[in-house]
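Asker: Below: one structure in structure tokens.
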Amino acid sequence: MLRFLLGRLAVLIPTFIGVSIIAFSFIRLLPGDPVALLSGERVMSPERHAQITHELGYDRPIVIQYLDYLWGVLTGDMGTSIVTKQPVLEQFLTLFPATLELSICAIIVAVVLGIPAGIFAALKRGTFFDQSIMGTALVGYSMPIFWWGLLLIILFSGILQWTPVSGRISLLYYFPSVTGFMLIDSLLSGQEGAFKSALSHLILPTIVLATIPLAVIARQTRSAMLEVLGEDYVRTARAKGLPPFRVIGVHALRNAMIPVITTIGLQVGVLLAGAILTETIFSWPGIGKWMVDSVFRRDYPVIQAGLLMIAGIIMIVNLIVDLLYGLINPRIRH
Amino acid sequence: MKRKLIFAAALMAATVLSGAASAKTFVYCSEGSPEGFDPGLYTAGTTFDAAAHTVYNRLLEFKPGTTEAIPGLAESWEISDDGLQYTFKLRPGVKFQTTEFFTPTRDLNADDVVFSYERQLKADHPWNKYVPGTAWEYFNGMGFPDLIASVEKVDDLTVKFTLKQKEAPFLANVAMPFASIMSKEYADKLEADGKMNQLNQMPLGTGPFAFVAYQQDAAIRYKAHPDYWNGKQKIDDLVFAITTDAAVRYQKLKAGECHLMPYPNAADVEAMKADPALTVMEQEGLNVAYLAYNTTQAPFDKVEVRKALNMAINKQAIVDSVFQGQATPAKNPIPPTMWSYNDAIEDDKYDPEAAKKMLEDAGVSGLSMKVWAMPVARPYMLNARRAAELIQSDFDKIGVKVEIVSYEWAEYLDRSKAKDRDGAVILGWTGDNGDPDNFLHTLLGCDAVGGNNRAQWCNEEFDKLVVQAKTTSDQAERTKLYEEAQVVFKREAPWATLDHSLSVVPMRKEVQGFVQSPLGDFAFDGVDLAE
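Chains A and B supply the protein sequences, listed in that same order. Counting from 1, position 253 in the first sequence corresponds to residue 253 in our numbering; the numbering is continuous, with no gaps. For our numbering, add 334 to where a residue sits in the second sequence, where the first one is 1.
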């Protein structure tokens, strides 16, 4: 196990360097120059442009710039944003808990609803229930997030007024951030109603962000279940008179879970991508919105560091998924 | 003793509660996150709203609702006869805000003014490069380094600016956000503590609202400055709730989650006007959108060709289709709300037949050209691609083939400057200070060829007028010169002027005292909420 873990960690290093090169070079391949963007429609004189480019170090050879950036990453210095002039790492750490909180809630909703829906559809294969669950999943999977989010806001916040429109908590509450997770911080603040407010603000963005993973998980669970239900050992279990709950819950589900867990692991990338749009609609102050703004402003240090950190998170999640296989399926012992 | 304590606690609780109940909080659904809080470093209106118009003041201020510069931190000023020396008398007893992060020990004085300007002016000033890539973009963009010879303290309440040449718009420039006055005492403290970067994160000034906190990308909080020189605000707290999507801002406004929002979607404006809970303010924005020909390239070097093309453009169709009526067709390069706007000028009549004939007479046939469409929406042009398509079909009617091209925004701005650029460019401008010089000289002067002058148009007669107006201090005389310059512009037609967009501000009915700024600022000095 330890050997497996070390092996996987060793693979992570070249992957990480590869990602750093991609993050570094791709943003520079995009047309547009961050220094010129600082002045908008107003024209910056060529001398001033050259001077600022020099101050920021963008006139140095590209290899030197890369090595400088890599050294910074290794020593924990992710650089300073060209626009806000703040350390990138500091900004990332401020914003990331918001994305994480939303993503965790979304993945919980997707798993808690998606797996039972998939199992149910598999058990009732071909029936009206199966078709309606899978039909809904297909619609959910194809839903444009932006449109879906706005639709929910107009219905639940505008017409019915059940939920707040956007943000993480009502502006009436103000307390220092301790963990960065609004649900926890609102409880710690001791302010009456703060937790309820934070929770109500989470509902719509969670639904929007959970929609695609939920659909994918439900479909994956259904197909994995169908495959397993046809296996000999399930027939045997049924034949020996085990109650249906045990047959499905223990014998079938455990084996069906392996591809489902892979899918859930892969959904982390989908969640982070979905978070970009979801955060924009719901004015959710997370890294998605931060990254999009930075791409428009060609804020190289932010994009480089943001991509690298997101890639790092996805790599770590994949590693955890690999380790989970062993726990679920004793036949896969690394 | 115990009973006394309980009573004291109850009293305190009651005070806190009643305080909370009566505290008036005004929530503004702002359109984006500020880049920082030092107005000198940036050029975006979003940043100026968050920093310059809340926390800071300037020597002169724009009178609310106008572009007239009136006394701000300077209560009076004198201009020397040669027009090169400006001596400002500062208002006595102006207090800086006391915040959790800094307690000032003195009032505003000349040192603060000298500091605020010299940090941008002098390359060797310790604050000149206090954050990486400090561009002082506006200070440079307005030509201040070449204009200001020195800024001197005469006494505690007197500052003297010496200019290198006469510059009539100087007073208007001094009222712009980049010229906000900082506290030198606060800056000195930050420098001593090695925390210079904090000046851009935790601002402290003399303005109507004191900065409390910025929760990144979520909200900015301010409280009223109790000792504000122009009187304490009627509201207690001001919150900017950052909401980037216009449709979501509208929903928040409807739900009462905010009191006022900027930049609504054009399609929502009718519904907003019909909503009894909302008031909608409208004003012509201080902007213009244009199509700039490259006047140095054939056949666009011929006035008749440019005129003919101008006559072929159906501007009303652009206004209707792109702005859904939230704009007016433009005939002059400056907006109608600006002084010296020449309303006597007649626009080129939309007449495809006459345009076609005019082209034929000019000996041009089978013309094909490029029209550049901006890739982004700006207040003066919400959808340049759509406008370009309309122009394409208009030109098609007079036998001119159009190819629409576009580039990434920074690339677009850069490539469109080139003197040998191929094609006509859709672009526009939003005024900075309400002075016609800021449009006519900045965008059409000979100095700006290869830069802001996208038409590459250097007309001796026009340039003479605008340069003369720049160095004349008498406003009546300047008005005459600018009116004449607009006549030359119309005759020579370096641009097709497209539109001036309306600036629309929806707010809840209970909002009182908000004044719409022609400069497009959102300032909350003087707003109140009806009970």
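Where is the CB? At the ideal position from N, CA and C, for every residue including glycine.
Which of the three DSSP states is assigned to A/V112 in this structure?
Answerer: helix
Asker: Drop a sphere of 10 angstroms on the beta-carbon of A/I405, count the other beta-carbons inside from all chains shown, and report buried for 16 or more, exposed for fewer.
Answerer: There is no way to answer for residue 405 of chain A, as the model of chain A reaches only from 1 to 334.
Asker: Taking the straight line between their C-alpha atoms, what separation do you get for B/V465 and B/L533?
Answerer: 10 Å
Asker: Could you tell me if B/P840 is buried or exposed, where buried requires 16 or more neighbouring beta carbons within 10 angstroms of its beta carbon?
Answerer: Classification for B/P840: buried.
Asker: Kindly say whether A/L204, judged by its beta-carbon, lies nearer than 8 Å to any beta-carbon of chain B.
Answerer: no
Asker: Could you round the C-beta distance between B/G785 and B/N621 to whole angstroms and report it? I think they count as a contact, below 8 Å.
Answerer: Their Cβ separation, rounded to whole angstroms, is 19 Å, which puts B/G785 and B/N621 out of contact at 8 Å.
Asker: I need the straight-line Cα distance from B/A909 to B/L777, nearest angstrom please.
Answerer: Because chain B in this structure spans residues 335 to 865, residue 909 of chain B falls outside the shown range and cannot be described.
Asker: Output, in sequence order along the chain, the residues in the stretch 160-194 of chain A whose CB is closer than 7 Å to any CB in chain B.
Answerer: Q161, P164, V165, S166, G167, R168, L171 and Y174
Asker: When the Cα atoms are used, what is the spatial distance from B/V734 to B/M703?
Answerer: 7 Å
Asker: On the three-state DSSP scale, how would you describe B/A308?
Answerer: Because chain B in this structure spans residues 335 to 865, residue 308 of chain B falls outside the shown range and cannot be described.
Asker: Quick one: residues in its chain with C-beta nearer than 6 Å to the C-beta of B/I413, no 5 flanking neighbours on either side, listed in chain order?
Answerer: Y420
Asker: Per the contact definition of three or more C-beta pairs closer than 8 Å, is the stretch 715-726 of chain B in contact with the stretch 685-703 of chain B?
Answerer: Too few Cβ pairs lie closer than 8 Å, so no.
Asker: According to a CB-to-CB cut-off of less than 7 Å, which residues of the stretch 113-145 of chain A neighbour chain B?
Answerer: Cβ contacts with chain B: none found.
Asker: Checking contacts by CB at 8 Å: is B/W411 closer than that to chain A?
Answerer: no
Asker: Could you tell me whether any Cβ in chain B is nearer than 8 Å to the Cβ of A/G306?
Answerer: no
Asker: Does the stretch 232-243 of chain A touch the stretch 120-137 of chain A, meaning 3 or more C-beta pairs lie closer than 8 Å?
Answerer: no
Asker: Taking Cβ positions, are A/V88 and A/S81 nearer each other than 8 Å?
Answerer: Contact: yes.
Asker: Pick out the complete alpha helix (DSSP H) segments inside the stretch 154-212 of chain A, 4 residues or longer, and give them in chain order.
Answerer: 182-189
Asker: In angstroms with no decimal places, state the Cα-to-Cα distance between B/Y376 and B/K456.
Answerer: 18 Å
Asker: For B/Y741, decide whether its Cβ has a neighbour in chain A, counting only Cβ atoms nearer than 8 Å.
Answerer: yes
Asker: Would you say B/K804 faces chain A, with C-beta separation under 8 Å as the test?
Answerer: Cβ-Cβ to chain A under 8 Å: no for B/K804.
Asker: Please go through the same chain and pick out, in chain order, the residues whose beta-carbon is closer than 8 Å to the beta-carbon of B/L481, but skip the five residues on each side of it.
Answerer: For B/L481, same chain residues with a beta-carbon under 8 Å away, outside a window of 5 residues either side, are L497, K498, Q499, E501 and F504 in chain order.
Asker: What residues in the stretch 26-42 of chain A bring their beta carbon closer than 9 Å to a beta carbon of chain B?
Answerer: L30, P31, G32, D33, P34, V35, A36, L37, L38, S39, G40, E41 and R42
Asker: Run through the DSSP bridge pairs and tell me what B/I875 is partnered with.
Answerer: Here chain B has residues from 335 to 865 only, and residue 875 of chain B is not among them.
Asker: Expressed to the nearest angstrom, what Euclidean distance is found between the alpha-carbon atoms of B/D682 and B/L572?
Answerer: 47 Å
Asker: Taking C-alpha atoms, which residue in A/L30, A/N318 and A/L214 lies nearest to A/L5?
Answerer: A/N318
Asker: Name the residues in the stretch 73-94 of chain A whose C-beta lies less than 8 Å from a C-beta of chain B; which are they?
Answerer: T80, I82, V83, T84, K85, Q86, Q91 and T94
Asker: Nearest-angstrom Cα distance between A/L30 and A/I108?
Answerer: 37 Å
Asker: So, are the CB atoms of B/F305 and B/P667 less than 8 Å apart?
Answerer: The structure shown does not extend to residue 305 of chain B, since chain B is modelled only from 335 through 865, so no value can be given for it.
Asker: Measuring alpha carbon to alpha carbon, tell me which of B/T437, B/G619, B/D441 and B/T380 ends up nearest B/L407.
Answerer: B/D441
Asker: Name, please, each residue of chain A whose Cβ falls closer than 7 Å to the Cβ of B/P466.
Answerer: The contacting residues are E55, L56, T80 and K85.
Asker: When DSSP labels each residue in this structure, what does A/R8 get in the three-state scheme?
Answerer: Three-state DSSP puts A/R8 in a helix.
Asker: I'd like to confirm the pairing. Which residues does DSSP put opposite B/G762 in its beta bridges?
Answerer: B/A623
Asker: Between the alpha carbons of B/G477 and B/T806, how many angstroms are there, rounded?
Answerer: 17 Å
Asker: Give me the DSSP bridge partner(s) of B/W829.
Answerer: B/A626
Asker: Would a check of beta-carbon distances place A/K289 closer than 8 Å to chain B?
Answerer: Interface residue, yes.
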